[in-house]
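For reference, the structure is listed below as structure tokens.
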Amino acid sequence: MESGSIFLQQVVNGLSLGSIYALIALGYTMVYGIVMLINFAHGDVLMIGAYVGYFVLSFVGTTPLGMALAFLCAMVVCALLSILIERLAYRPLRSAPRLNSLITAIAVSLILQNGMRVLPFVGPNPRQYPTMETVNISLGFVSVSNIQLTVIVLSAVLMVVLNYIINYTKTGKAMRAVSHDMQAASLMGISVNKTIAFTFAIGAVLAAAGGVLYATAYPQIDPTMGTMPGLKAFVAAVLGGIGSVPGAMLGGYILGIAETMTKGYLSSQFADAISFGILILILLIKPTGIMGKKIRIKV
């Protein structure tokens with residue numbers, strides 16, 4: 003019974019971590035689905051969101067209102083930043099070879115990281131994140147903290163909202179049309195530029211929420227904090243099938259549970275190796291991912 007309760011506890015921990023990975027992975031998969039770009043600056047958008055949340059919480063306090071304000075401000079700032087990045091860095095390269103856009107994404111990532119390091123009110127040193135007081139809620143064999151519960155519930159709500167936007171709104175229909183055929187969508191009167199900017203903004207909103215949740219769960223932030231969650235979320239997106247929204251969610255949860263099981267039963271030192279091992283394995287066995295579709299590219 004003891005081993006069963008430990009297993010269930012690790013599953014809960016994995017769902018909490020996987021929820022954050024899923025939120026970030028959704029940004030990767032949406033942008034890739036529309037413009038075929040792996041936006042490696044996405045993890046650094048998460049970092050910006052975490053810092054915005056930090057300044058709001060430091061000013062207002064870690065009350066429920068303070069947390070709501072932190073989420074709102076982080077989402078707005080990251081959405082605007084992402085629209086700006088898309089307009090200045092990615093849009094001019096849309097018809098260029100894909101490698102150019104990939105290199106630009108890495109450059110944007112480095113600019114955001116080092117830009118934050120040199121800002122006088124941020125700096126390179128790690129900071130302690132203001133968090134809610136942890137309260138453990140016992141549910142029979144497992145114990146769930148109020149922070150874990152917040153992470154899981156809020157992530158699920160955001161994913162449901164995203165699913166509604168994509169499948170049941172006019173903008174979502176435009177996003178699906180652009181991802182299917184950009185030229186045909188343009189001929190049908192859809193504003194491709196606005197749709198792509200909106201996709202970047204939605205992805206950034208989810209990354210901002212993921213940043214605040216990640217910093218709340220692991221309360222230390224620094225300008226390079228977005229690199230590892232960003233890479234793990236990329237693994238989650240590839241695992242689920244990059245370009246597939248349900249796949250990104252599934253990949254996030256699988257990766258989160260795999261990582262916490264590794265930490266619980268083997269060693270925390272193997273956690274990163276297991277995550278990237280899963281990436282290699284999925285690329286060898288099923289390169290399209292669990293829910294990805296095979297696409298024939300005309301040469």
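Everything in the sequence shown is counted per the working numbering, starting at 3 for the first residue and increasing by one.
Where a beta carbon is used, it is the ideal one built from N, C-alpha and C, also for glycine.
Exercise. Between P126 and D224, is the Cβ-Cβ spacing less than 9 Å?
Worked result: Against the sequence shown, residue 126 aligns to sequence position 124. Against the sequence shown, residue 224 aligns to sequence position 222. Note that the C-beta distance between P126 and D224 is below 9 Å.
Within its chain, find whatever has a CB closer than 8 Å to the CB of I299; leave out the 5 residues flanking it on each side and keep chain order.
-> Reading the sequence shown from its first residue, position 297 is the one you call residue 299. Because the pLDDT at I299 is just 43, under 50, the model does not fix this residue reliably, and the value given afterwards should be weighed accordingly. Taken in chain order, the list of residues that qualify is empty.
query: Closest to L19 by CA distance: which of S277, A43 and I292 is it?
result: Here residue 19 corresponds to residue number 17 of the sequence shown, with the count starting at 1. In terms of Cα proximity to L19, the closest of S277, A43 and I292 is S277.
- Query: Three or more C-beta pairs closer than 8 Å, one from the region 37-56 and one from the region 71-80: is that the case here?
  - Reply: Yes, the region 37-56 touches the region 71-80.
Give me the Cα-Cα distance between M49 and Q185, rounded to the nearest whole angstrom.
Start at 1 with the first residue of the sequence shown, and residue 49 comes out as number 47. Start at 1 with the first residue of the sequence shown, and residue 185 comes out as number 183. Between M49 and Q185, the C-alpha separation is close to 34 Å.
- prompt: Taking the alpha-carbon positions, what's the G266 to L90 distance?
  reply: Mapped onto the sequence shown, residue 266 falls at position 264. Mapped onto the sequence shown, residue 90 falls at position 88. Taking the straight line from one Cα to the other gives about 44 Å.
* **Cβ pair G242, G291 closer than 9 Å** => As a first step, residue 242 is located in the sequence shown; it is residue number 240 there, counting from the start. As a first step, residue 291 is located in the sequence shown; it is residue number 289 there, counting from the start. Between G242 and G291, the gap from beta carbon to beta carbon is short of 9 Å.
Can you tell me whether S157 is helix, strand or coil according to DSSP? Along the sequence shown, one-based indexing puts residue 157 at 155. S157 falls in the helix class under three-state DSSP.
**Item:** Buried versus exposed call for L28 [16 or more other C-beta atoms within 10 Å across all chains shown]
**Value:** On the sequence shown, residue 28 is found 26 positions in, with the first residue counted as 1. The Cβ neighbour count for L28, taken over all protein chains shown within 10 Å, is at least 16; the residue is labelled buried.
> Name the DSSP bridge partner or partners of L252?
Replying inline: By 1-based counting over the sequence shown, the position of residue 252 is 250. Note: L252 sits in no beta bridge, so no partner.
Among all the DSSP beta bridges, which residues are the ones paired with L141?
-> Residue 141 sits at position 139 when you count from the first residue of the sequence shown. L141 is bridged to V144.
### Message
Please return the same chain residues whose Cβ sits closer than 7 Å to the Cβ of L10, not counting the five positions on each side in sequence.
### Response
In the sequence shown, the residue the question calls residue 10 occupies position 8. Answer for L10: F143 and V144, listed in chain order.
Open item on the list: Only counting the same chain, and skipping five residues up and downstream in sequence, which positions put a Cβ closer than 6 Å to that of S21?
Closed with: To locate residue 21, count along the sequence shown from 1; it is residue 19. Counting only Cβ-Cβ distances below 6 Å, and skipping sequence neighbours, we find V153, I154 and S157.
Please report the straight-line C-alpha distance between L268 and V13, rounded to a whole angstrom. Here the question's residue 268 lines up with position 266 in the sequence shown. Here the question's residue 13 lines up with position 11 in the sequence shown. If I take the Cα positions, the gap works out to 15 Å.
Would you call the region 63-73 in contact with the region 188-202, where contact means no fewer than 3 C-beta pairs closer than 8 Å?
Contact between the region 63-73 and the region 188-202 is absent, because fewer than three Cβ pairs lie under 8 Å.
Euclidean distance between Cα positions of T173 and I204:
Here residue 173 is taken as the residue at index 171 of the sequence shown, counted from 1. Here residue 204 is taken as the residue at index 202 of the sequence shown, counted from 1. As the crow flies, the alpha-carbon of T173 is around 11 Å from that of I204.
Exercise. Exposed or buried, what is V180 when buried is set at 16 or more other beta-carbons lying within 10 Å of its beta-carbon?
Worked result: Start at 1 with the first residue of the sequence shown, and residue 180 comes out as number 178. Burial check for V180: the Cβ neighbour count within 10 Å reaches 16 or more, so the residue is buried.
Neighbourhood of M293 by C-beta, 7 Å cutoff - its chain only, sequence neighbours within 5 removed: Position 291 of the sequence shown, counting from 1, holds the residue named residue 293. Around M293: G242, G243, S246, P248, G249 and L252.
- [ ] Would you list the residues sitting across from R129 in a DSSP beta bridge?
- [x] For the purposes of this step, residue 129 is taken as residue 127 along the sequence shown, with counting starting at 1. Its beta-bridge partners are I223.
L104: first and last residue of the uninterrupted alpha helix (DSSP H) it sits in = For the purposes of this step, residue 104 is identified with residue 102 of the sequence shown, where counting begins at 1. From DSSP, the alpha helix (DSSP H) with L104 extends over R100 to V120.
- Secondary structure at E135, three-state DSSP: helix, strand or coil? On the sequence shown, residue 135 is found 133 positions in, with the first residue counted as 1. Of the three classes helix, strand and coil, the one that applies to E135 here is coil, per DSSP.
May I have the straight-line CA-CA distance separating V214 from V146, to the nearest angstrom? Translated into the one-based positions of the sequence shown, residue 214 becomes position 212. Translated into the one-based positions of the sequence shown, residue 146 becomes position 144. The straight-line gap from Cα to Cα measures roughly 19 Å.
> With respect to the alpha helix (DSSP H) encompassing R96, which residues constitute its N-terminal and C-terminal limits?
Replying inline: Stepping through the sequence shown from its first residue, residue 96 is reached at position 94. Neither: R96 is in no alpha helix (DSSP H) and is coded neither H nor E.
request  = Give the range of the alpha helix (DSSP H) segment to which G294 is assigned.
outcome  = Taking the sequence shown and counting its residues from 1, one reaches residue 294 at position 292. Per DSSP, G294 lies in no alpha helix (DSSP H) segment and is marked neither H nor E.
Cβ distance (whole Å) where S1 is taken to contact V37 below 8 Å:
There is no way to answer for residue 1, as the model of the chain reaches only from 3 to 301.
Let's test the definition: count the other Cβ atoms within 10 Å of the Cβ of G117 and tell me whether it reaches 16, buried, or not, exposed. Taking the sequence shown and counting its residues from 1, the one referred to as residue 117 is at position 115. When all chains shown are included, G117 counts as exposed.
Checklist line | Burial state of E135 (16 or more Cβ within 10 Å) | finding: Taking the first residue of the sequence shown as position 1, residue 135 is located at position 133. So E135 counts as exposed.
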